[in-house]
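For the sequence shown, the tail end lands on 556 under my numbering, and the numbers increase by one without skipping. Glycine residues also receive a C-beta, built at the ideal position from the N, C-alpha and C atoms. All of these numbers come straight from a predicted model, not from anything done at the bench. Scroll down for the structure; my scribbles are underneath it.
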Amino acid sequence: MNISSESGMIFNIQKFSLNDGPGIRTVVFLKGCPLKCRWCANPESQYPKLQILWDREACVGCNTCVSGCPSGAITNVDGNIRIQNAQCQGCHTCIAHCPEDALNAEGESKTVDEILKICLQDKDFYEESGGGVTLSGGEALMQPQFSTALLRTLKEHGIHTAMETTGFASPEVFQSVLPYLDLLLFDMKHWDEKKHKEGTGVSNTQILENLKQAIADGKDVLPRLPVIPDYNHSPADAEGFVRRLKEVGANRIQLLPFHQFGEKKYDMLHKTYAYADVPALHEEDLKEFQQVFLNHGIDTFF
Ligand code: SF4
Ligand code: SF4
């Protein structure tokens with residue numbers, strides 16, 4: 255059995271997850287995403303390297319971080335602590351010396367072997383519940399060698415593997431991970447290319463090609479739709495998604511109603527959250543939307 259020293263940039267490992275594939279799962283969150291979805295619930299996942307986040311509510315403005323950063327990456331602009339990602343060397347000096355715990359790091363390099371050891375701690379739970387390990391993000395396909403090595407190693411240990419993906423990758427990269435995946439949780443953001451670009455920054459053409467190919471290859475694929483108010487949640491949008499699902503050969507979809515879980519992180523990253531005042535959606539709000547899919551024979555659930 256191979257021991258892989260391949261390393262990747264991750265920002266979280268969440269144990270005992272029940273929402274990211276079947277059974278009890280460990281979810282490994284990889285950093286870096288080629289999409290910039292306006293509603294992203296994990297904005298700290300988008301930048302592919304380590305980032306220092308600043309909590310304005312905890313900060314007392316002592317400037318210890320500014321004077322102590324060996325890279326000169328931190329400035330205080332009118333009471334706002336700004337960290338230049340490109341200059342940061344990831345030494346954690348600022349975090350260690352902040353008297354108020356107002357700084358924390360998102361992103362850590364870990365080897366496949368290190369992650370495997372963590373995942374194996376819960377192997378009994380996976381086996382009893384039909385669970386396993388899910389790669390999430392960010393976008394795991396942004397780190398294809400690491401993702402492939404990790405998935406291959408997990409399979410060598412008899413662990414069920416899944417990946418939550420935007421599907422945005424070259425066909426070569428996409429195909430390289432498929433042999434090591436038992437389940438693909440494949441996001442569809444918008445059926446229309448122009449609207450897809452507006453909401454995410456990228457075209458959906460290659461995404462749909464990859465989705466179609468994975469289904470044609472006989473992979474277990476669950477398309478998932480984050481339903482976003484005033485973006486993709488009209489009955490006409492549902493009809494558009496039905497057309498796309500039929501084109502790619504899918505006959506089921508999971509609806510993920512919009513929520514605001516990522517709001518605080520936007521402030522810590524000095525980013526504007528476009529959905530700050532938009533109420534969350536709930537299952538009962540989407541019955542009409544769901545019915546459009548059901549009317550076309552698409553198995554549609556939450
Ligand atoms: S981690 Fe180190 S280099 Fe980066 S901002 Fe903090 S003190 Fe500066
Ligand atoms: S060291 Fe901590 S409390 Fe002091 S200015 Fe920096 S972030 Fe704020």
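(message) Going by beta-carbon coordinates alone, are Glu270 and Ile278 separated by less than 8 Å?
(response) Note that residue 270 is Phe in the sequence shown, not Glu. Contact flag set, yes.
(request) Tell me whether Thr402 counts as near ligand 2, meaning its Cβ is closer than 7 Å to at least one heavy atom of that ligand. (result) no
(message) By the DSSP assignment, the beta strand (DSSP E) with Val475 in it spans what residues?
(response) 475-481
(message) For Asn334 and Arg310, what's the separation of their Cα atoms in angstroms?
(response) 7 Å
(request) Assign Gln514 to one of three DSSP states: helix, strand, or coil. (result) coil
(message) Which of the three DSSP states is assigned to Val546 in this structure?
(response) helix
(message) Tell me whether the region 418-430 and the region 376-396 touch, counting them as touching only if at least three CB pairs, one residue from each stretch, are closer than 8 Å.
(response) yes
(message) Suppose contacts are defined by Cβ-Cβ distances below 8 Å. Is Leu509 in contact with Val546 by that definition?
(response) no
(message) Here's a check: name, in chain order, each residue in its chain whose Cβ is nearer than 8 Å to the Cβ of Thr526, leaving out the five neighbours to either side.
(response) Tyr520
(request) Less than 8 Å between the CB atoms is what I'm expecting for Glu542 and Pro489, so what's the real figure, rounded? (result) 6 Å
(message) Using only the alpha-carbon positions, how far apart do Asn339 and Val532 sit?
(response) 30 Å
(message) Taking 7 Å as the cut-off, is the beta-carbon of Thr347 closer than that to any non-hydrogen atom of ligand 1?
(response) yes
(message) Check this for me: beta carbons of His414 and Leu374, under 8 Å apart or not?
(response) no
(request) Spatial neighbours of Gln429 within its chain, please: CB distance less than 8 Å, with the 5 preceding and 5 following residues excluded, ordered by chain position. (result) Gln467
(message) I'd like to know whether the C-beta atoms of Ser259 and Asp367 end up nearer to each other than 8 Å.
(response) yes
(message) Could you give the first and the last residue of the continuous alpha helix (DSSP H) run that contains Leu499?
(response) 489-502
(request) Between the Cα of Gln343 and those of Val314, Tyr485, Val496, Glu362, spot the shortest distance and give me the residue it belongs to. (result) Glu362
(request) Within the same chain, show all residues whose beta-carbon is closer than 6 Å to that of Asp436, passing over the 5 residues directly before and after it, in chain order. (result) His414, Thr415
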